[in-house]
Each structure stands twice: as structure tokens, then as C-alpha cells.
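Taking it in order: structure first as C-alpha cells, then the write-up.
Number of protein chains: 2
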Amino acid sequence: MGKTRRLCHLLLRFLAFGATLSSVIVMATSHEKAAFFAVSFEAKYTNSPAFKYFVIANSVVTVYGFLVFFLPVESLLWRLVVALDLVLTMLLISSFSAALAIAEVGKKGNSSAAWLPICGSVPKFCDHVTGALIAGFIAVIIYMILLLHSIHSVIDPLLLRKN
Amino acid sequence: MGKTRRLCHLLLRFLAFGATLSSVIVMATSHEKAAFFAVSFEAKYTNSPAFKYFVIANSVVTVYGFLVFFLPVESLLWRLVVALDLVLTMLLISSFSAALAIAEVGKKGNSSAAWLPICGSVPKFCDHVTGALIAGFIAVIIYMILLLHSIHSVIDPLLLRKN
Numbered sequence: 328m329g330k331t332r333r334l335c336h337l338l339l340r341f342l343a344f345g346a347t348l349s350s351v352i353v354m355a356t357s358h359e360k361a362a363f364f365a366v367s368f369e370a371k372y373t374n375s376p377a378f379k380y381f382v383i384a385n386s387v388v389t390v391y392g393f394l395v396f397f398l399p400v401e402s403l404l405w406r407l408v409v410a411l412d413l414v415l416t417m418l419l420i421s422s423f424s425a426a427l428a429i430a431e432v433g434k435k436g437n438s439s440a441a442w443l444p445i446c447g448s449v450p451k452f453c454d455h456v457t458g459a460l461i462a463g464f465i466a467v468i469i470y471m472i473l474l475l476h477s478i479h480s481v482i483d484p485l486l487l488r489k490n
Numbered sequence: 328m329g330k331t332r333r334l335c336h337l338l339l340r341f342l343a344f345g346a347t348l349s350s351v352i353v354m355a356t357s358h359e360k361a362a363f364f365a366v367s368f369e370a371k372y373t374n375s376p377a378f379k380y381f382v383i384a385n386s387v388v389t390v391y392g393f394l395v396f397f398l399p400v401e402s403l404l405w406r407l408v409v410a411l412d413l414v415l416t417m418l419l420i421s422s423f424s425a426a427l428a429i430a431e432v433g434k435k436g437n438s439s440a441a442w443l444p445i446c447g448s449v450p451k452f453c454d455h456v457t458g459a460l461i462a463g464f465i466a467v468i469i470y471m472i473l474l475l476h477s478i479h480s481v482i483d484p485l486l487l488r489k490n
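Sequence order for the protein chains is A and B.
Position in the first sequence counted from 1, then plus 327, gives you my numbering.
Position in the second sequence counted from 1, then plus 327, gives you my numbering.
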């Protein structure tokens, strides 16, 4: 790997680490008390399995992203990193999609199922969730780039190189 | 590729094709009319953006899975197939997770958001969705196996081969 390339790679990994870390923090700090027709309730991420899954998945990827920084440049373990990148990107995408699906119902409700939107009563909670989802999306995009780049440099799917 | 290996590969692709196709059919044929407190409504997959996304994603992967059968064994396009496998597996996982998150709310509701479960009123619809999700999960697993096998044979992440 060239020096510039390696620097780009590290920068991307650093950004991905920052994105997953902030999505965990923003989602985990999201709670708001509200009264909903005389019934007081507290909106927390732990109320929804999808949001819990999102926090867990992003925490796992944050720890992984942190550990990868300490891998020596010449280590053969970088091969394993490609496979781990793949599995963890899947985890990230899966948790992001699940959380987004629930957030969509929270925002717009679902009239056919008589699920009312809740963002009107807990706007701060909704802002937190939106922020966490944006950070999670950025992380997904960066890991996709890293993964497609690994695949590109190893397999050369578009046959751009001369053999 | 050895003959047995190639046969296994084709068999897996055929199973994945069958799984995505059945998940599309089962989800698309899911509709049930029900009365919910004097209000009659029809439960359809089109009522939820997540279910629509699930059907679209699985249809795309079904068409792709069909086209791959016509690729000659020696074609260099198989390299592109690895990259396409990656992208489409991501799509599949994402749509499966989103649909599962919504189905979970449909089955158990969410007491903090005052979303009631709907499976009591539309049990047939729920059965269809469950069936489609199971087929979708099988497809995800098979594509993951195909992908990890490709990565394994190209990159050898666990360093099992002697160089």
C-alpha cells in the first residue's frame, strides 16, 4: 500500500469510528418525559428492541474500529480484517435498517395499523434518534467504501487491471 | 473449481433463488380484511414502507439470482458477481431487518408508544408475513455463505493455506 493510500484508509477508519461512537452516544442519551393524554411516559431507546439492537451493533463496531488502529501495518491479520469488515458492515446495515423502520413509524405513524406518530409529543427524543440514524448512515457508507475497495483491490471485478 | 464444488455452488444459488422468490410471492399475496372496533380495514403489505421495501429488494435479488444461472462457467464476469453478491446481500439484509422490526411491532406492539399489536385481528396476514420473513432469512443466510466462501477462497483470511 502506498503512503497516501494508507493515510486515506486510516482517515476513513477514523471517521467510521467517530460516526459509530457518536451514533451510540446520541442514541443512548435520548430520553424525554412527556404526557400523552393524562398518561405520563418516558421515551427511551430501551423501549424499542430495534433501537436497543442499533446501540449494541454500533457499540460492537466502535470497539472493533478502535482495536483495528492497533494492528501493525505488515500484519497478516489484515486479511482477517476484510472478512470481519464484511460481517460487521452487515451488522451495521441490519441495525440501521431496523432502527430506521421503527423511526419512520414514530415519525409518520401507520394509519392502517392505528399506530399514531409520537414525534409530536417527544420532539427531543425524535431529534436524538434522527441524529443517531444520520451518524449510523455515515458509518454504513464509510464501511461500504472500505469493503468495496478491499474487494476491488483483491478481485478486480471490473477487470481494470491488465493481467 | 472442482465439479462437486461447482455443483454445491449452483445448488446454493438455486436454493437462494427459490427462497427470495417465495418470500416475494408470500409477502405479495398477504392481505386480509378485518374489522377493528367497528372500523373495517384491509391489512396489506403496501400499508408499510418497510414491507414494500422488502418485496422490492427480494424481487431485485430474485431477478439477479435468475440471471446468474446463464453466466458461462469460464466467464470473467464471475469476478463482478462477487461484488454484486456483496451489494445485493446488503440490500437483502437491510430489507429483512426493516421488515422484521415492523413485524415485531405488529406482533407484540409497543406499550410505551401506545402501538397495539395487530396480529390478533389479522392472523392470516401475520402468518404470511412470518412465512415471507423466514424465506427471506434463509436467502440471507445462503447469500452470506456464498459471500464468505468467495472471500475465503480469494483472500484466505484465516491463513489456512500454505503460501
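Glycine included, C-beta positions come from ideal geometry on N, C-alpha and C.
Residue i - DSSP class collapsed to helix/strand/coil
i                      : result
residue 466 of chain B : helix
residue 379 of chain A : helix
residue 367 of chain B : strand
residue 359 of chain B : strand
residue 330 of chain B : helix
Whole-angstrom C-beta distance between residue j and residue i, which should lie under 8 Å
i                      : j                      : result
residue 424 of chain B : residue 438 of chain A : Not really, about 23 Å apart at Cβ, beyond 8 Å.
residue 385 of chain A : residue 350 of chain A : 5 Å
residue 398 of chain A : residue 408 of chain A : 7 Å
residue 430 of chain A : residue 456 of chain A : 5 Å
residue 272 of chain A : residue 453 of chain A : Shown here, chain A extends from 328 to 490; a query on residue 272 of chain A therefore has no answer.
Inter-residue Cα distance where the pair is residue i and residue j
i                      : j                      : result
residue 354 of chain A : residue 378 of chain A : 8 Å
residue 475 of chain B : residue 352 of chain B : 28 Å
residue 420 of chain B : residue 368 of chain A : 33 Å
residue 460 of chain B : residue 426 of chain B : 8 Å
residue 340 of chain B : residue 458 of chain B : 20 Å
residue 333 of chain B : residue 382 of chain B : 30 Å
residue 391 of chain A : residue 482 of chain A : 25 Å
residue 361 of chain A : residue 470 of chain B : 44 Å
residue 357 of chain B : residue 473 of chain B : 30 Å
residue 412 of chain A : residue 331 of chain B : 29 Å
residue 443 of chain A : residue 442 of chain B : 7 Å
residue 370 of chain B : residue 387 of chain B : 24 Å
residue 359 of chain B : residue 380 of chain B : 20 Å
residue 451 of chain A : residue 372 of chain A : 12 Å
residue 405 of chain A : residue 376 of chain B : 39 Å
Buried versus exposed, by CB contacts within 10 Å (16 or more), residue i
i                      : result
residue 463 of chain A : buried
residue 389 of chain A : buried
residue 393 of chain B : exposed
residue 478 of chain B : buried
residue 335 of chain B : exposed
residue 422 of chain A : buried
residue 344 of chain A : buried
residue 467 of chain A : buried
residue 347 of chain A : buried
Three or more C-beta pairs closer than 8 Å, one from the segment 408 to 418 of chain B and one from the segment 435 to 455 of chain B: is that the case here?
As far as the Cβ criterion goes, the segment 408 to 418 of chain B does not touch the segment 435 to 455 of chain B, which means the pair count is below three.
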